[in-house]
Every structure is written in C-alpha cells, then in structure tokens.
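Peer 1:
There are 2 protein chains.
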Amino acid sequence: MNSSKSKLPLYLKVAQGLEGQIQHGAFRLGDPIPSIRDLSRQQGVSISTVLQAYFWLENRGWIEARPKSGFYVKQQAQNLSPEPAYRPSEPRPKAISIGDLVVEVLRTCGRPVKFPLGAACPSPDRMPNRALNTIIRRISRRNPAHSTNYDVPPGIPALCRQIAKRSVEHGCNFSPRDLIITCGALEALNLCLRTIGKSGDVIVTESPTYFGVLQAIDSLGMKAIEIPTHCRTGVNLELLEESIKKHRVRAYITMTNCQNPLGYILTDDKKRALVDLLARHEIPLIEDDVYGDLAFDTNRPRTAKSFDRQELVMLCGSFSKTIAPGLRIGWVQGGRYHAGIERLKLLTNLASPSLLQLAIAEFMESGGYDRHVRNLRVAFEQQVQMVSQAVAKYFPEGTCVSRPAGGYVLWVELPKNTDSVSVYRAALAEGITISPGPIFSPSGKFRNYIRLNCGRTWSEELDRALLKLGRLCESR
Amino acid sequence: MNSSKSKLPLYLKVAQGLEGQIQHGAFRLGDPIPSIRDLSRQQGVSISTVLQAYFWLENRGWIEARPKSGFYVKQQAQNLSPEPAYRPSEPRPKAISIGDLVVEVLRTCGRPVKFPLGAACPSPDRMPNRALNTIIRRISRRNPAHSTNYDVPPGIPALCRQIAKRSVEHGCNFSPRDLIITCGALEALNLCLRTIGKSGDVIVTESPTYFGVLQAIDSLGMKAIEIPTHCRTGVNLELLEESIKKHRVRAYITMTNCQNPLGYILTDDKKRALVDLLARHEIPLIEDDVYGDLAFDTNRPRTAKSFDRQELVMLCGSFSKTIAPGLRIGWVQGGRYHAGIERLKLLTNLASPSLLQLAIAEFMESGGYDRHVRNLRVAFEQQVQMVSQAVAKYFPEGTCVSRPAGGYVLWVELPKNTDSVSVYRAALAEGITISPGPIFSPSGKFRNYIRLNCGRTWSEELDRALLKLGRLCESR
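Residue numbers (this note's numbering), protein chains in the order written: chain A, 2 to 477; chain B, 2 to 477.
As structure tokens, this is what we get:
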C-alpha cells in the first residue's frame, strides 16, 4: 500500500489526504476546506497541484465550489438513504377526509416545543430580525401615522413595486398594479380558489401536497383529485391530462419550485409543458411559489407563470418562508382573475397590515432581502444535508429520504408498517414535533411517511433529537 | 324688557347672560364654560347662585356636566335638522345587488383625498400613535424574534387575556380561551358566516346596515333579508320574528351598540328581548360591536352577548375604530361555534400578525387603551355635533340627520329626489369622499341618503367642505 501510494501523482496524495480527513470527520458536511493558496503554502505544493486535487475531490462528489466563497464539504449521495419510490395510483375526485388530524397537527405549531420539526419554519436565528426591527423602528419615527388608514387592495404601492421589480428574476415582468397584497400565501391561495370556483368544484393537486391547500379546498366545499407525483420530476402530466379529460376540473393548484413536501423543482421544459397543457383545456393554474427564492442553485428558478401567455396562471408568494412567518404578508398576481381576487380580498378583511408591508418594502429596497436570501440558501442546503445524514444514520432500515432542490423540508418514507400518526404523538410527548404523512393527501395516504422541517440551525442537541426520533420510528 | 329683566332672580340673570354668549358664538359647541368657582368670582355672585344658573342652562339643554371635568356647551336639538323618518317595508330574502358600487366606493378609501368623509375612519391625530409606536419600538428591542412563529389561533395569549378582562365592562365574563384573534372585525364576521352557513342560506340584517357585512354575505353566495330599522330604537322585533317564521333564516347579524350607520344603542331590555327571541327559534346571532367602546355615555353599554344563555351569540370586535385601522386586528368570541371558527381562521390565513397583537396587548395592559378611549368618546361626541350643525346650516331644506349615541358616523337623509350616487361622484371630484346610501342596503335602497364620517378633527376647512357638500346636494 505504501509502495503504491508512493507512485501516486502528488495531487492525488494531497486529494486522498483530504478525502481521509473528510471521511473521518475532521471536516464535516458544509465546512469550508482550506483555500487553494493556504493549502499550497501549508503542504508546500504548487497552486496547480492543489487545484488538480480539488478537481479530483469535486469529481468524486466530496467537495463543491461556491462562487466567490471557496470550497466546501458536500453531501455524499452514497451516504444517504435511498429516495422514496414513485407509486402511481388512479386519480379520482375525493372529499378531503383528514381535517381533524390537520387541525391537531397545526395546533401544536403554536405550542413551544424543544424541537419543532413539524411546521415548515426556520429557527429565529436564520431570520433577519435585526435588520427588520431597525426598519420598523425607523418607520415608527419617520411615519408615526403608518397605520391610521385602511390600505385597501391592492396594498401599499411601495411593496407592490418591489415585488414587481423582483419578478424579472423568475422570468416575469409584473407591473405593480398586477399585484394584490394578502395576509400570507395561504390567504392568497384561498382567494384564488374562491374566485375561480365554488362548492362542489373539483381541484387537481399533487400527491403529496401542502396540507393547507387541501384544507382550504375542503373548507370551500370543493373536492380534490390527487395526481401521483414523482419526488424528482414532479407531477405526471399524462395522468393530469387524463384526469382533466375524465372529470370536470376547475383548476390545478401546484408548487413548481421546491415543492412542499417533496422539494423538487420542475424543469423549465416541464413548466412550459404544464402551462401549455392547461391552456389547451382552458384550466386555471394556481401556482404557490413560497419557496421559489430558496432554491439551492444560485439561479433563481423560473415560475410556471413566466410561460403563461393566456393570463391563466395565478402566482402566489409570501415572505413567511424568508423574512418572518408572523408578519403574515403574502401576495398574488392574479392574471385574468385579478379583479375578482382584489374584490374578494376587500370583502374578506379589507386590507393587510400597513406597518408590516412598509417594513418589507424597505427591506427589499435596501437590498437587504437579496443578501439575506443568498445566505439563507447556503444555510438551508447545509441544514437539509445534515438532517438527511442523521436520518440515514439513525432511522430504521428501509427508510427513504427525498433530495430537495431547495426549501427546507425533507420527505421521509419510513418502513412499510410504520404508523406516522403514532410516531407524531410519541414524538410530541418527547418535545419533538413532526408532520405525519397522511395530512399531505386528500385521502390520508402516506401513512408511513413524515415531513421534517430542516429550518432549525444544526446543533448537537438536534442530532440527539433525530436519534431519538429514529428510535421512535422503529417501534411504531 | 329692562324692567322685566330687573325683576329676574340673580341666578337667571347670570344664566341668561351665558345663554346669550352661547347663542352668539362666544362659547361654541363643545367649549368648556367657566368653572363654578371662577364665575362666582368673576361676577361677584355666590357659588350657589352659579350652581342654580348652570342647572337652568343644563335643563334648557345648553350645557352639560362632564364628570370630573366641568361644564361644556352642548348640542342644541332645536338647531339640528330633524331625524330621518322610519319607513317600514316588507322584508324579503334578496340577492345583494350593489357590489360594483361598494367596490367603487371602497377603492376610493385607499386614495388620499382632502376630506375623507366616506370611510368610517378617525383622523390620524385622534389615534394613539405616539404610545403605540413607543410600544412597538420597545417590543422590537426586548423581543426581536417577535414574528418568527406562526401564532396560530386562538392567537397571542396576552391579547386574549386583555380582551377577556375587558369583557366585564360590557356585561360578559370571557375566558381568554373563548377568544380568537382575527385580521380585523370584517374577517371575524366572515368566519362566523362561513361557520354557520353556506351558499344559498338566508341571513337577516338591519336596514340600513354596514355594507361590508352585506358584501360578505353576497361573496358567500348567501341572501339577505333587510328588516326595517328605526334610527333610535333599532330593528323592529315583530317584523324580525315574522321573517323568521316565514323564511328559513340561518342567522341574524347586527350592531347593537352605536349602529353603523344609524348610531343608536339598543336598550338593555331590547337586547335581552332580541337574544330571547332568537334563542326561541334557535337562530345564531352575529353581533358586531366595533363601536361599543365609543358610546358617548360614560357607561360602556352592554352587548347582546351578555344576555346570551345558549351560547348562540358570536361577538365580534376590533381595534380599527379606536387604535388604528391599519393594524388589522380584531377578535371573536364564538360561543358554541368557537371550534368551527377557529378552524376556519387557521385554514383562511393561518394566523394574525404577531407584532401588532403584542403591541395592542401591551397598550391595553398599561391602561393606555382605557385612557385613550375615554378621551375619544368626548372628542367624537363633539365632532359629531359639529358636523350635525354644519349639515343643519348648509344642507338643502328637508335634510334630516341621525342622533348617534356613539361612534362617529352620521346618517343623512337628503331631500327626496336627490341622487346620492351622483352626489358621491361630484364630491369626489372636489376632493371630498362620502358613502352613498344604496351601499347600506342589499337592494340598493336609501338612494337619497348619505353617511358622513365625523372622525376628522373639526376645522374651518372641514366646515367649508361641508358647505360645498351641502351645495352639491342641492343640485343633484
């Protein structure tokens, strides 16, 4: 072994030395490794030797380059649990049957628990609290009468301007007057559903999909068809078209970027194909893009809306996932349904809170939002990878885990007979919340699945909590 | 005349002297008149003579005593236009037909006009901005992570506690856990309607009534029966019971205190009778009490809820009329419908904004809210009287005006052939907004009525605007 090693080219010696350090935990997932210049000096080798070594490590998937930032230890695919399998089933309209469980789960969001892995919510230290509070104080001094009016829809013009300006990043070109400010994206989704549909209507969703959407559909007396959805490539378009042909579908509601809970980003081609397919059948698309700014890739992914030529797409966004959930500020670009949505917003709660709209507008205008989101993406990618590794280490054999392309949730398939609702209740008793799989399906599928929030900053304590959670999964 | 005056008792001389000063404008409406001690010294008469004089003036309606504050010049009933007449008509379920006009009117709320007499909105100088901003800054420093959670329903416990504590003032005895925090009272009303009813259901309302309620009813596909309502004594209970017997009524929605737009406060006896009547028929009552804290009388009026023994009353309140409309914080005590309302709130927009809930809770806890509301009541009573007088002076002959017992809106009946929508549009062009009568009725009644917002602090400019408005009414 020694003799073979001595024959190795110099760069490979350097590379394998680092590989060993990573394998034995000297450098951990997400850690920076030494800069090229530093390593060259430390090991007395040339810059080009270090570069060759780093290319070798990059090719082997050990490290990754981040623009203007250097090299970092990367997730090793072979260390992870496999991905959940795609299991198609026949799509049929169904009344939503899991309301009580959702309410039970959502209520625990309000409870302070030690490890909140249930709600998709970052830890407070990931949020731009300092900048936001500085802005709020500034507004309170400069404009003390900030809240003495009803800022009726569309909403505060400065915020509409900022959202419109940013829309170029996802391939759109909004005018501020196309937008309506809402109390969070869930309100926007509700307003879209109410504008285009009525009780008895059939709405098509992904499967699994965000439970808030399913409950909104249910509370409006509508029915859902769940289309089998692949955890990397998204919804099956053939099955979607079949369903459209077979049933009287009123709308399709979807997340195209960093889908909750699967984490995939639809390719541009698939987004275009989806928009075209729906346009052919004149079916409105409600696009929920709350995680769009959190794609791990440095390029902000496009929205399906950016391919919309018929004004059939209603695009909903929010600042709950990036700035702070408790602000309750979201927005919608309603396409041809704009006037109806605006009217319903007016009749639902007149206006959204003024101070918080002003604060977000100022945060965006200052460039603070862009900087913050850039940091968030890196942090969340690392957190998702840490939790993925912990699941691989601590969860029962046969566990599968998603490979999100953005956002901060993981979709975990537990061994076949595991009852995730029982895991949920047992975990709650230990101060850990999770989201049980059945709430992500209108018909309560995904009994042996859970969703984990990876928004919490990594810590030894969290590692131990995941160990405990893994053990709880064994026995249910 | 001189000789007869010389025979007058001393107190009457003093009194008539003051009467003359008031009549000729030396003391104006709402002005304090000299204290008893001061006048006694100034005129060299005894304290008891001044007291007698003030009693005489009080009996004649010229002045009024305010507790711990002295005597003030009071509105003279004989100087005012008569009250609008009560015109009963047969109550029948109707689809709501005035949506476009309401949206047109509500949109102008967002526009900055010089004289906003349309939306029921106080001027910024009447709002406790300084105290509120101080609290907001304090929270931003002490609790910088204030918005990093979804504060799911019921809402922030500190605010629920304060609202529960205050409920004794209107005869109730809420527990904090009976309450749900909403984004304004209109959201609360919507949640109540959605919880108890569905598309096609019939809801009974006053006539005239708050247009937001009518539009909410319409947006949910429900129908309204408008019950003729007297501008002092409120809804006609016999007609209400007849309607209940004749039609399948799903709920009655009402303002029992400082009704918008009429301004009456139902007597306790009538509130009790109303609650009993509805209980006999098992019909839920949705009570909108947003103006309850603004009754001119120093005693806070009771709510109908305080007579509710069947948990059939849903009581809705807000801070939009007293602290700031742009905060969008309201609440509901849902009685037996609590769980359903809580669930719908969760599915509509998950939570209400955290920072603003915390700020209001702190304002209430500090005693600031009570002090503020005490001052507001006095200020609004005076403002309502000033506008009433201006209407009497400047509006066409035959104009009638309501006598509100609280709040800050006036209901003005213009001469029979006046078209208030045309007045609305002409006034808007002059920088004055008003609310045209038809939006207060499901069937567009009250064509020759307008509602005036008296929340603006009185000024010479406002006086001139009312002169202009009066002239606009002549020609339409």
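Cβ coordinates follow ideal geometry from the N, Cα and C atoms, glycine included.
Keep in mind it's a predicted model, so treat the numbers as computed, not measured.
Output the boundary residues of the beta strand (DSSP E) element that contains B/His-231.
Peer 2: Where B/His-231 is concerned, the enclosing beta strand (DSSP E) stretches over 224–231.
Peer 1: With three or more beta-carbon pairs closer than 8 Å as the criterion, would you say the segment 62–82 of chain A touches the segment 189–200 of chain A?
Peer 2: Short answer: they don't touch.
Peer 1: Is the CB-CB distance between A/Val-236 and A/Ile-226 below 8 Å?
Peer 2: Against a cut-off of 8 Å, the Cβ pair of A/Ile-226 and A/Val-236 comes out as no contact.
Peer 1: By a C-beta neighbour count over all protein chains shown, 10 Å radius and 16 as the cutoff for buried, is B/Asp-289 buried or exposed?
Peer 2: So B/Asp-289 counts as buried.
Peer 1: Spatial neighbours of B/Arg-472 within its chain, please: C-beta separation below 7 Å, excluding the five flanking residues on both sides.
Peer 2: Excluding positions up to five away in sequence, the list is empty.
Peer 1: I'd like to know whether the C-beta of A/Ala-352 is nearer than 8 Å to at least one C-beta of chain C.
Peer 2: Annotation note: the requested chain C is absent from the structure, which comprises protein chains A and B.
Peer 1: Can you find a C-beta in chain A that's less than 8 Å from the C-beta of B/Met-128?
Peer 2: Yes, because at least one Cβ of chain A sits closer than 8 Å to the Cβ of B/Met-128.
Peer 1: Excluding the 5 residues preceding and the 5 following A/Ile-23 in the sequence, name in chain order all residues of the same chain whose CB lies nearer than 6 Å to its CB.
Peer 2: Correct list, in chain order: Trp-63 and Val-74.
Peer 1: Which chain B residues sit within Cβ distance under 8 Å of A/Lys-199?
Peer 2: Residues of chain B passing the Cβ test: Ser-200 and Gly-222.
Peer 1: Would a C-beta distance cut-off of 8 Å place B/Ile-140 and B/Ala-360 closer than the cut-off?
Peer 2: Result yes, Cβ atoms of B/Ile-140 and B/Ala-360 sit closer than 8 Å.
Peer 1: Which runs of the alpha helix (DSSP H), 4 residues or longer, sit entirely within the segment 97–161 of chain A?
Peer 2: You should have 100–111 and 130–143.
Peer 1: List the residues of chain B that A/Gln-384 touches, going by C-beta distances under 8 Å, in chain order.
Peer 2: Near A/Gln-384 there are no residues of chain B at all, since even the closest Cβ is about 16 Å away, more than 8 Å.
Peer 1: Are the CB atoms of A/Cys-474 and A/Val-410 within a distance shorter than 8 Å?
Peer 2: No, these two residues do not count as a Cβ contact at 8 Å.
Peer 1: According to DSSP, is A/Gly-318 helix, strand or coil?
Peer 2: DSSP places A/Gly-318 in strand when its eight states are reduced to three.
Peer 1: Taking the alpha-carbon of B/Phe-320 as reference, which of B/Tyr-292, B/Ile-137, B/Lys-8 and B/Gly-45 has the nearest alpha-carbon?
Peer 2: Considering only alpha carbons, the answer is B/Tyr-292.
Peer 1: Taking A/Tyr-338 as the reference, give the member of A/Pro-285, A/Phe-308, A/Ile-324 and A/Pro-326 with the closest Cα.
Peer 2: Among A/Pro-285, A/Phe-308, A/Ile-324 and A/Pro-326, the Cα nearest to that of A/Tyr-338 is on A/Pro-285.
Peer 1: Take B/Lys-40 and list the residues in its own chain whose beta-carbon comes closer than 6 Å to its own, dropping the five residues that flank it on each side.
Peer 2: Per the sequence shown, the amino acid found at residue 40 of chain B is Leu instead of Lys. Excluding sequence neighbours, B/Leu-40 sits near Val-51.
Peer 1: Buried or exposed: B/Arg-83, going by 16 or more other Cβ atoms within 10 Å of its Cβ?
Peer 2: According to the sequence as given, residue 83 of chain B is Pro; it is not Arg. It counts as exposed.
Peer 1: Examine chain A for any beta-carbon lying closer than 8 Å to the beta-carbon of B/Asp-269, and answer yes or no.
Peer 2: B/Asp-269 does not count as touching chain A.
Peer 1: How close, in whole Å, do the beta carbons of A/Ser-98 and A/Gly-445 come, if the pair is a contact with beta carbons under 8 Å?
Peer 2: At roughly 6 Å, the Cβ-Cβ gap stays under 8 Å, so A/Ser-98 and A/Gly-445 are in contact.
Peer 1: For my contact list, B/Thr-434 and B/Val-413 are in at a C-beta cut-off of 8 Å; report their separation, rounded to the angstrom.
Peer 2: The pair is not a contact, with the Cβ atoms about 14 Å apart (cut-off 8 Å).
Peer 1: Looking only at its own chain, which residues have a Cβ that is under 6 Å from the Cβ of B/Asp-179, when we skip the five neighbours before and after it?
Peer 2: Correct list, in chain order: Gln-334.
Peer 1: Using the rule of at least 16 other Cβ atoms within 10 Å of the residue's Cβ for burial, across every protein chain shown, is A/Pro-405 buried or exposed?
Peer 2: Flag for A/Pro-405 reads buried.
Peer 1: Compile a chain-ordered list of the residues in the segment 96–113 of chain B whose CB is closer than 8 Å to at least one CB of chain A.
Peer 2: Here the close residues are Gly-100, Val-104, Leu-107, Arg-108, Cys-110 and Gly-111.
Peer 1: Mapping the DSSP letters down to three states, classify B/Trp-63 as helix, strand or coil.
Peer 2: B/Trp-63 falls in the coil class under three-state DSSP.
Peer 1: A/Ser-403 and A/Leu-263 - do their beta-carbons sit closer together than 8 Å?
Peer 2: Yes, the Cβ-Cβ distance between A/Leu-263 and A/Ser-403 is below 8 Å.
Peer 1: Quick one: using the 10 Å Cβ neighbour count with 16 as the cut-off for buried, is A/Gln-358 buried or exposed?
Peer 2: Looking at its Cβ environment, which holds 16 or more other Cβ atoms inside 10 Å, A/Gln-358 is buried.
Peer 1: Does any residue of chain B have a CB that is nearer than 8 Å to the CB of A/Cys-184?
Peer 2: It does: the Cβ of A/Cys-184 has a partner Cβ on chain B nearer than 8 Å.
Peer 1: Is it buried or exposed for B/Ser-5, if we count other Cβ within 10 angstroms and need 16 for buried?
Peer 2: At B/Ser-5, the pLDDT of 47 sits below 50, so the modelled position is not reliable; the number obtained from the coordinates is stated separately. Its Cβ having fewer than 16 others within 10 Å, B/Ser-5 is exposed.
Peer 1: Is any beta-carbon of chain B found at less than 8 Å from that of A/Val-153?
Peer 2: So, interface residue.
Peer 1: Can you tell me which of B/Phe-396, B/Glu-363, B/Gly-408 and B/Gly-432 puts its alpha carbon nearest to the alpha carbon of B/Ile-136?
Peer 2: Selected option, being the one with the closest Cα: B/Glu-363.
Peer 1: Just the chain A side, please: which residues come within less than 8 Å of B/Gly-327 by C-beta, in chain order?
Peer 2: Those are His-147, Ser-148, Thr-149, Asn-150, Tyr-151, Asp-152, Ala-352, Pro-354, Ser-355 and Leu-356, listed as they occur along chain A.
Peer 1: May I have a chain-ordered list of the alpha helix (DSSP H) segments no shorter than 4 residues that lie completely inside the segment 155–214 of chain B?
Peer 2: Those alpha helix (DSSP H) runs which fall completely within the segment 155–214 of chain B and span 4+ residues are 158–167 and 185–197.
Peer 1: Based on DSSP bridge pairs, tell me the residues matched to A/Cys-401.
Peer 2: Bridge partners of A/Cys-401: A/Glu-414.
Peer 1: Flag A/Thr-50 as yes if its beta-carbon sits less than 8 Å from any beta-carbon of chain B, otherwise no.
Peer 2: No, A/Thr-50 lies away from the interface with chain B (no Cβ there is under 8 Å from its Cβ).
Peer 1: Look up B/Thr-255 in the DSSP assignment and say whether it is helix, strand or coil.
Peer 2: Three-state DSSP puts B/Thr-255 in a strand.
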